[in-house]
C-alpha cells in the first residue's frame, strides 16, 4: 500500500507530484509475513504558547496480552508527530522494568523523519508494555492544536515493523487521552465495551426523558441513577471521547449530549452543598455548559 497525505491549506491548484513506487514479485516467499503496528495516543489537544507539552500513549501489559497471540519481532521503527513536535521516544517495559528505547529522537523533525532498523530484531512478549512519549513546543501557535491529519493539527504515533503479521490481532494499540480500550484498569471501573453495547437504550431513554431547554425532575433522577450504575458516565476522559463521537453525528449527537447535560447545573448545586471539594463537579459543569451553548447556537 502506498499512502499519501496532502496538505494544501491555501488551496493552490498548480501543485504537481510525480511520486510513485516499484513493486517486485517473487515466487520464493519468505518464512514470515511482516506488518506495521502503530502505538501512541489518538485523542489529545496541544494548548497554544507552551514551551513544553507532553503527551503519552501506553500499550499496557494487559493490552499486549490481549493483542499478541505469540512473541513478535520488531525490525524497524519510526516516530511521527507534526510541526509542533520536538522530541519523541518509544520505550519497552517488562515486569515494570524498562528494557530499552526502541526509538529516541532527541531532536525530531517532521520534514526529516528517522527510521531505526534492527539487524537483530527486538522481541516483544505478550505482557510487555510499550510507552510512547511525545514532546511539543507550541509557542508559535495562538490557537489550540487538536489531534488530526492536517499538519496544522498534531499526532503522536510510533510505527513498528514486525513479524509474524498473524501474531497481532489489532493494527493499533493506542491511548485515547489517558485511557486504553484494551485495559479497563485505566478507566477506574468504566467498561467501555459494556458502555457501547448498552449505549443505544441509554441514549433512547435520555432522549425521551430529558430536554436541553431545562432540567426536568425525571431527567435529573434518571441521570443520577445512571451515573451510579455506569462508572463511564463519571469518567471525564471517557466522556470527552464520547462527546467527540457524538458531535461527529452532528445534530442527533449534539441533541443527546445537550440533554445529558441539561441537569448538570442542578446536580452541581446539590454537590456544592454537600462537598467541600467540588473540583469534579466544576469540571462536569464546564463541559456541560459548553455542550448546551453549542446546541443552542445550532438552533
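Numbering (the numbering used here), first residue to last: 55 to 353. Beta carbons are placed, not taken as given, at the ideal position from N, Cα and C, and that holds for glycine.
At the level of alpha carbons, what is the spacing between residue 226 and residue 167? 20 Å
For residue 57, the nearest candidate out of 68, 307, 128 and 203 (CA to CA): 203
Start-to-end residues for the alpha helix (DSSP H) that takes in residue 412: Because the chain spans 55 through 353 in this model, residue 412 falls outside it and cannot be assessed.
Where residue 101 and residue 80 are concerned, what is the direct C-alpha to C-alpha distance, given to the nearest angstrom? Residue 101 and residue 80: Cα-Cα distance of roughly 50 Å.
Between 142, 148 and 179, which lies nearest to residue 121 when the distance is taken from Cα to Cα? 179
What are the boundary residues of the beta strand (DSSP E) that includes residue 226? 226-229
Residue range of the unbroken beta strand (DSSP E) whose run includes residue 184: 183-190
Sequence-distant residues of its chain with Cβ nearer than 7 Å to residue 295 (five each side left out): Beyond the five residues adjoining it in sequence on each side, residue 295 comes within less than 7 Å, by CB distance, of 97, 230 and 231 in the same chain, given in chain order.
Specify whether the region 188-198 and the region 217-225 touch according to this definition: at least 3 beta carbon pairs, one from each stretch, less than 8 Å apart. no
Where does residue 154 sit, in a helix, a strand or coil, going by DSSP? Of the three classes helix, strand and coil, the one that applies to residue 154 here is strand, per DSSP.
Which residues mark the beginning and the end of the beta strand (DSSP E) in which residue 142 is found? Secondary structure note for residue 142: its beta strand (DSSP E) is the uninterrupted segment 139-148.
According to the Cβ coordinates, are residue 212 and residue 115 closer than 8 Å? No; because the gap between Cβ atoms is not below 8 Å, this pair is not in contact.
Which residue marks the beginning of the alpha helix (DSSP H) containing residue 250, and which one marks its end? 246-263
Where do the ends of the alpha helix (DSSP H) carrying residue 300 lie? 290-302
With a cut-off of 8 Å, do at least 3 Cβ pairs link the region 144-154 to the region 249-265? no
Hey, out of 312, 275 and 276, whose CA is closest to residue 293's CA? Looking at the Cα atoms, 312 is the closest of the given residues.
Does residue 105 have its Cβ less than 8 Å from a Cβ in chain E? Of the protein chains in the structure, only one exists, and it is not chain E.
Entirely enclosed alpha helix (DSSP H) segments - the region 62-125, minimum 4 residues: 115-121
On the DSSP letters alone, give me the boundaries of the beta strand (DSSP E) that residue 212 sits inside. 210-217
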